[in-house]
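Student: Okay, so the sequence shown: first residue is 5 according to my numbering, each after it adds one. C-beta: ideal position from N, C-alpha, C; glycine also.
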Amino acid sequence: MEQIIATVRGFDGALVFVPEPGDGFPEIAWGDAFFYYAPDGGMPQNVQPYGTIVTKDCPDDATSDLDPPGRRRVNIHVDRPTFRELTGEDPHGVGRPHDHAAADRVMPHPVYGALGWVSVVNPGDRTTDTVMRLLLDAHNAARRRYERRHGPARPEGDDCRYSG
């Protein structure tokens, strides 16, 4: 997971936030990672992250079995065509059963799949490159949304690239 965090930190304008004790965020978020496009380096207000890494089960999200040591889940917001390509389902029609605890598989997020989120528990040989590509795509989409609201942060068409 550190490789994923380090790579995202290298995306132009990326902010990776990892809450810890004493910073005012709830204990349930401590140790998780949240990925934002923030060219000024400040925590975005009223903007959801485009990706996260969660390190533990939550009361409303325990199907991935994240509490055992060494288990993590990467969550990424994707567009509808990508969601369909990866899962074979439409985000608004997610209904097939999934083993959300299965490692190294891309599947709809157990709670936010209907909102266009996919997840991977412990990315490995099968999914790491896909996860990195999806995070880069999500980062670039967040950058474009930012620029529609605030104007360009750098020259048009200068998308970040992943070369992994």
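Should the segment 43-60 be called in touch with the segment 71-84, which here means at least 3 C-beta pairs below 8 angstroms?
Tutor: Flag = yes, the segment 43-60 and the segment 71-84 touch.
Student: Buried or exposed for residue 160, please, with buried defined as at least 16 other CB atoms from any protein chain shown within 10 angstroms of its CB.
Tutor: Your numbering for residue 160 matches position 156 in the sequence shown. A caution first: residue 160 carries a pLDDT of 46, below 50, which makes its placement in the model unreliable, though a value can still be read off. Its Cβ having fewer than 16 others within 10 Å, residue 160 is exposed.
Student: Let me confirm a value: residue 8 is counted as buried when at least 16 other C-beta atoms fall within 10 Å, else exposed. Which label applies?
Tutor: Walking along the sequence shown from the start, residue 8 turns up at place 4. So residue 8 ends up on the buried side.
Student: Could you tell me whether the Cβ atoms of residue 128 and residue 107 are closer together than 8 angstroms?
Tutor: As a working mapping, residue 128 is identified with position 124 in the sequence shown. As a working mapping, residue 107 is identified with position 103 in the sequence shown. Their beta carbons are under 8 angstroms apart, which means residue 128 touches residue 107 by this criterion.
Student: Ignoring anything shorter than 4 residues, give me the alpha helix (DSSP H) runs that lie fully in the segment 48-131, in order along the chain.
Tutor: DSSP runs (the alpha helix (DSSP H)) wholly in the segment 48-131: 84-91.
Student: Spatial neighbours of residue 71 within its chain, please: CB distance less than 8 angstroms, with the 5 preceding and 5 following residues excluded, ordered by chain position.
Tutor: On the sequence shown, position 67 is the one that residue 71 refers to. 60, 61, listed in sequence order.
Student: Does residue 96 pass the burial test, meaning 16 or more other C-beta atoms within 10 Å, or should it be called exposed?
Tutor: Taking the sequence shown and counting its residues from 1, one reaches residue 96 at position 92. Exposed is the call here.
Student: Hey, how far is the Cα of residue 126 from the Cα of residue 40?
Tutor: As a working mapping, residue 126 is identified with position 122 in the sequence shown. As a working mapping, residue 40 is identified with position 36 in the sequence shown. In a straight line, the C-alpha of residue 126 is about 21 angstroms away from that of residue 40.
Student: Thinking C-beta only, is residue 67 closer than 8 angstroms to residue 113?
Tutor: In the sequence shown, counting from the first residue as 1, residue 113 sits at position 109. In the sequence shown, counting from the first residue as 1, residue 67 sits at position 63. In this structure, residue 67 does not lie closer than 8 angstroms to residue 113 by Cβ.
Student: According to DSSP, is residue 42 helix, strand or coil?
Tutor: Position 38 of the sequence shown holds residue 42. DSSP places residue 42 in coil when its eight states are reduced to three.
Student: When you compare only the Cα positions, how much space is there between residue 135 and residue 154?
Tutor: Within the sequence shown, numbered from 1, the residue matching residue 135 stands at position 131. Within the sequence shown, numbered from 1, the residue matching residue 154 stands at position 150. Taking the straight line joining both Cα atoms gives about 28 angstroms.
Student: Buried or exposed for residue 147, going by 16 or more other Cβ atoms inside 10 Å?
Tutor: Within the sequence shown, the letter at position 143 stands for residue 147. Residue 147 should be labelled buried.
Student: Express the C-alpha separation of residue 109 and residue 124 in angstroms, rounding to a whole number.
Tutor: Counting from 1 along the sequence shown, the entry for residue 124 is found at position 120. Counting from 1 along the sequence shown, the entry for residue 109 is found at position 105. So the two alpha carbons sit approximately 6 angstroms from each other.
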